Amino acid sequence: MSKLTLTAAAFFMTLGSAAVAQTPSVNDDEFLMKAAVGNTFEIEESKLALERASDPKLKQFAQQMIDDHQNALQKLQNAAGDAKGKAEMKLDQPHQAKVDNLKTFNGRDFDKVYIADQIASHDETVSLLSDYDQNGQNDDLGDWVDDALPVVKQHKMMIDAM
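First residue of the sequence shown? That's 656 in our numbering, and the numbers climb one at a time after it.
What follows is the structure, given as structure tokens:
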């Protein structure tokens, strides 16, 4: 082999090793926080939807979100074990701002904003859970993801159809 070929081969092997070394592992505490915030956000917005939505089907969807996400939060806290503090049921500032914004709408305008928020939230949640499913290290959290991901995907299909 020529020096150029060997140099090129070494270069590409180094790139491959660097890519593997840079693959981040999923941090359980960060995952717990994001999963808890996501569930809590969907519950809080759905409580508003029960009061303010104009579409009865949207109110029915909202009630299902409350029921399913309260159940998911309880199971998440159980799966969290010693890291329970990370699965607190409170919103971070960006999600609280979205809830506060939603409070400014009523009727059909409310419906549009709620649907848009729920689509975005379910997209984020599917991504978060799928990432943990592929890269997570905690078996209890992995089992929770295995249960939660199909439900979230079903919710996504429902809200996408509204």
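Where is the CB? At the ideal position from N, CA and C, for every residue including glycine.
Computed from a prediction, not measured in an experiment: that's the story for all the values here.
Extent of the continuous alpha helix (DSSP H) run through residue i
i	result
Gln792	Neither: Gln792 is in no alpha helix (DSSP H) and is coded neither H nor E.
Asn756	Gln748 to Leu757
Ala816	Careful: Ala816 lies outside any alpha helix (DSSP H) and carries neither H nor E.
Asn733	Pro711 to Ala735
Ala708	Counting along the chain, Ala708 falls outside any alpha helix (DSSP H), and DSSP gives it neither H nor E.
Whole-angstrom distance between residue j and residue i, CA atom to CA atom
i	j	result
Asp786	Met688	15 Å
Ala704	Thr780	20 Å
Asp794	Leu731	12 Å
Gln715	Phe765	15 Å
Lys811	Glu685	23 Å
Ala708	Gly762	5 Å
Gly791	Val806	19 Å
Asp710	Asp798	35 Å
Ser776	Gly736	25 Å
Tyr769	Met720	12 Å
Asp801	Glu706	32 Å
Gln718	Asn733	23 Å
Thr695	Ala727	10 Å
Asp772	Asn682	26 Å
Ala690	Leu783	8 Å
Local conformation of residue i per DSSP, three classes
i	result
Asp798	helix
Phe650	The requested residue 650 is not part of the displayed model; the chain covers only 656 to 817.
Lys745	coil
Asn694	helix
Phe760	coil
Phe666	Caution applies to Phe666, whose pLDDT of 38 falls short of 50 and renders its modelled position unreliable; the model cannot decide the point.
The ligand SAH heavy atom lying under 7 Å from the CB of residue i
i	result
Asp723	Annotation note on the ligand SAH: not contained in the displayed structure, which lists no ligands.
- May I ask you to verify whether the region 692-703 touches the region 746-757, counting CB pairs closer than 8 Å and requiring at least 3? Contact between the region 692-703 and the region 746-757 is present, because at least three Cβ pairs lie under 8 Å.
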